[in-house]
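To start, the structure under review is shown below, and the notes come after it.
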């Protein structure tokens, strides 16, 4: 089951259960992500994918179960603390800082990730970015191919580039785990292909681990090593991508007759 | 039990009026998306009409019908048509400012039209207001109490019939649940919403008329206090449920009488009753927020227009810009639109002339103040500087952070009182007192920020309003704080042999203090904190997810903003030589927000100009005949109408126009195309947030 995991896993979710009223959104979900590994989470609508994401990231508190990141329990920590520990995420519904430029998005994330108190520095030192921070921003801009658009307010970007800005923002502060929530939703085939390419390149250069919730099976197949299939809040199957997709039960529950 | 009953029964008529207001507020909020704070003004207008007609010898039934069924709905329909219908999807600030403006302006306009304030209490709509008709147990019930209760029962019965048994009632219930879903079902939601406005206005009018016999003289402020109770009732109804709002209003009316009955008399008891709305708001507002997402279509709400949201905010420094592909740090004040590739140079070139112009005007004003300006004008200008600091606190909090506070005057008052008390009782130099006052105000800011951390937009505004009301009733009347309406005295500062008591030295000192405050705001806006703040304003969720401790940041900003307001209040007190609770009552907070929003929340220059404009207009009023004393309030109210079209503020609008004109002329001279600014793609060029100038206060 933890076929791809070598050594200590980076993220371990153990027995995550979450109920909304009488509805059980997650029912004892276990999950493990090794350092540098890419894991996909798929499942029909309402299977609990986003709830799982929110429980891992801290936007929802699980009713029971534990989340361990890098050997530390994080399930009671606030979102911003998890982020500073090295988890970056994107949102299915775009959450950009309206009115700020592309470069500023990355800079804010870079400065916040380092978590140093800067209020007093603002008064002493005018609070501008340091050369190191600007260097990191430039690196990520280059990696994403966004250098040309660095000075553009995000409101003026098309969806494909806006998704890249979200990805870039999540990558600042050199996280060890990227959590991507439906990064391809609303994108056309060309934009999705570019996203897959950039994601692959990011993993190669930074060695970051990825958890990907995605509908687009082509993107999932090309981007991840291992797959979890959720259905009605339970893990239906997990393992290497090809094995899982060949599982007859998975085909019946999720893919229907078309695949 | 009998005692409880004896206390509770007299609360029922009050509860009835609160319930009417709560129901009216919820009706228009759900039907048109605007929380109509002008509701209190509508109640006042109808009450005034009722009293005036009564004194002109009209029969009671005729005055009632005209005030409640003609004037009330007329005002409501006008408000809906002219204003509220157009701002359905605007940002919370753009929705709030006009209703606050109207809350102040409408009563003054009505008073000017009426000519004089009637001074004799009018009769109740039925029976004799004072006469006791029956006893309920041992509780005597007067004609006033009976008429209020009876009228409310009639209205409630009519509402039940309307909602249960008529087609329009069904449609309205549907609109209240989900306006857009109803439209999809083929119902004209606009018509239904207009009907909701009429109904709501009738309730406002009825509430005003019913209560008017209670007051020996009609005062708009009484109706604002009433409004806060109505708001609390609406919050109990979670902004959504009419029956709950009604029950909430009724419960509040009973509760306030019971509290008054059981508590021993004194400042605390007198304060506890008015603070009930604050407690209720804090307890129920988080619930109300949860409840709002029940609309099945709420997830796909049309987002508030990007340009409006951006325009109403503070344009903090985008310190990273590119040229030639490399990232440079440029400490430019703001360059949202100039950030477009190729247009940055144009931006810099164009911005300079207006900046120079602004500095020149400021310099000339200072020079004039120190040479030829007569003493009373100098005083006014100096008052303007003090208020500019208070306005800066809003530039920081509302402009940069997007958080709406309606208790800035409270912070200012507290700072002033603290400074004065320390100077009077402990001989502390007044400048040190100002610092202490600022610190105390900052502590209070933290106290306000912590329980309201999860609130934003309208709920936050209401919570801060309730807090201001609480402070007015509990804090300011104490002799060791504000000493009530009597107030306290404050000295003017002196440092060793140098005295700042005379007008001109004090003016210079004020300039320096303003300069320091403006510097703080500019450093915060340009620095890391400013960048964090714009991030939080853009998306609190995403800000959290990149590692920003949003709650800590909010507490910090509230504290800093409160401290600024405290400095401004203390400076004002020292200038005037005295300060009373009336100087910084809760209604002043509303006026301050309206004024600075109209002038411009987007820049330091906006705060300075707002300060000067505010004090100058107040002086101008005193030279008018007394009938037109409210004229300034009316003007500001009307200015809020134009504000909805130019939410970036008057100053940015003007400098934007000037810059476009200059850019066009330059482009024409160079034979090039139109300026690149057009590429912003906001569609409405007028509305595009085009830069104000990097004007740092008046002091160098």
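Protein chains in written order, with this note's numbering: chain A, 4 to 262; chain B, 19 to 718.
Cβ coordinates follow ideal geometry from the N, Cα and C atoms, glycine included.
query, result
"Can you list, in chain order, the residues of its chain with a C-beta nearer than 7 Å to that of residue 300 of chain B? Leave out the 5 residues immediately preceding and following it.", "469, 481"
"Indicate whether at least one CB of chain B lies closer than 9 Å to the CB of residue 60 of chain A.", "yes"
"Would you kindly work out how many angstroms separate the C-alpha atoms of residue 35 of chain B and residue 423 of chain B, rounded to a whole number?", "27 Å"
"Answer yes or no: do residue 485 of chain B and residue 425 of chain B have a C-beta to C-beta separation smaller than 9 Å?", "yes"
"Would you say residue 81 of chain A faces chain B, with C-beta separation under 9 Å as the test?", "yes"
"According to DSSP, is residue 323 of chain B helix, strand or coil?", "Confidence in residue 323 of chain B is poor, its pLDDT being 37 and thus under 50, which makes the residue's placement too unreliable to answer from."
"Express the C-alpha separation of residue 51 of chain A and residue 231 of chain A in angstroms, rounding to a whole number.", "12 Å"
"Counting contacts by CB-CB distance shorter than 9 Å, is residue 1 of chain A in contact with chain B?", "The displayed coordinates of chain A run from 4 to 262. Any statement about residue 1 of chain A would go beyond what the structure contains."
"With 8 Å as the limit, tell me which residues of the stretch 549-571 of chain B have their beta carbon closer than that to any beta carbon of chain A; keep them in chain order.", "549, 550, 552, 553, 555, 556, 557, 559, 560, 561, 562, 563, 564, 565, 566, 567, 568"
"Does any residue of chain B have a CB that is nearer than 9 Å to the CB of residue 18 of chain A?", "no"
"Using only CA atoms, which one of B:528, B:296, B:40, B:32 lies nearest to residue 167 of chain B?", "B:32"
"Strictly below 7 Å CB to CB, what residues from chain B border residue 98 of chain A?", "557, 559, 560"
"Give me the chain B residues within the contact set of residue 86 of chain A, using Cβ-Cβ distance strictly less than 9 Å, ordered along the chain.", "562, 563, 564, 565, 566"
"Any idea what DSSP makes of residue 125 of chain B, helix, strand or coil?", "helix"
"Is the separation between the beta-carbon of residue 149 of chain A and that of residue 137 of chain A shorter than 9 Å?", "no"
"Roughly how far, in whole angstroms, is the beta-carbon of residue 76 of chain A from the beta-carbon of residue 118 of chain A, given that I think they are within contact range, below 8 Å?", "Not a contact, Cβ separation roughly 19 Å."
"Report the rounded CA-to-CA distance for residue 63 of chain B versus residue 475 of chain B, giving the unit in angstroms.", "28 Å"
"Compute the Euclidean distance between the alpha carbons of residue 381 of chain B and residue 522 of chain B, then round it to the nearest angstrom.", "15 Å"
"Roughly how many whole angstroms lie between the Cα atoms of residue 247 of chain A and residue 43 of chain A?", "11 Å"
"So, with DSSP's three-state summary, where would you put residue 206 of chain B?", "coil"
"In whole angstroms, what separates the C-alpha of residue 556 of chain B from that of residue 376 of chain B?", "30 Å"
"With a CB to CB cut of under 7 Å and the five nearest residues on each side skipped, what residues in its chain are close to residue 503 of chain B?", "598, 599, 600"
"Is there a C-beta anywhere in chain B that falls below 9 Å from the one on residue 252 of chain A?", "no"
"Cα separation between residue 70 of chain A and residue 33 of chain A?", "10 Å"
"For the stretch 165-179 of chain A, which residues have a CB atom closer than 9 Å to at least one CB atom of chain B, in sequence order?", "169, 172, 173, 175, 176"
"Tell me the DSSP secondary structure of residue 662 of chain B in three-state form.", "coil"
"Would you call residue 23 of chain B buried or exposed, if buried means 16 or more other Cβ atoms sit within 10 Å of its Cβ?", "exposed"
"What residues of chain B sit near residue 75 of chain A, judged by a beta carbon separation below 7 Å?", "Simply none; closest approach about 16 Å."
"Less than 9 Å separating the beta-carbons of residue 46 of chain B and residue 247 of chain B?", "no"
"With a cut-off of 9 Å, does the C-beta of residue 538 of chain B fall near any C-beta of chain A?", "yes"
"Exposed or buried, which one is residue 94 of chain A when buried takes at least 16 other CB atoms within 10 Å?", "buried"
"Any beta-carbon of chain B closer than 9 Å to the one on residue 95 of chain A?", "no"
"Below 6 Å CB to CB, which residues in the same chain sit around residue 154 of chain A once its five sequence neighbours on both sides are set aside?", "104"
"Check the Cβ-Cβ distances between residue 114 of chain A and every residue of chain B, and say whether any is below 9 Å.", "yes"
"Quick one: does residue 40 of chain A have its CB under 9 Å from some CB of chain B?", "no"
"How is the beta strand (DSSP E) around residue 501 of chain B delimited, first residue to last?", "It is not in any beta strand (DSSP E) - residue 501 of chain B carries neither H nor E in the DSSP assignment."
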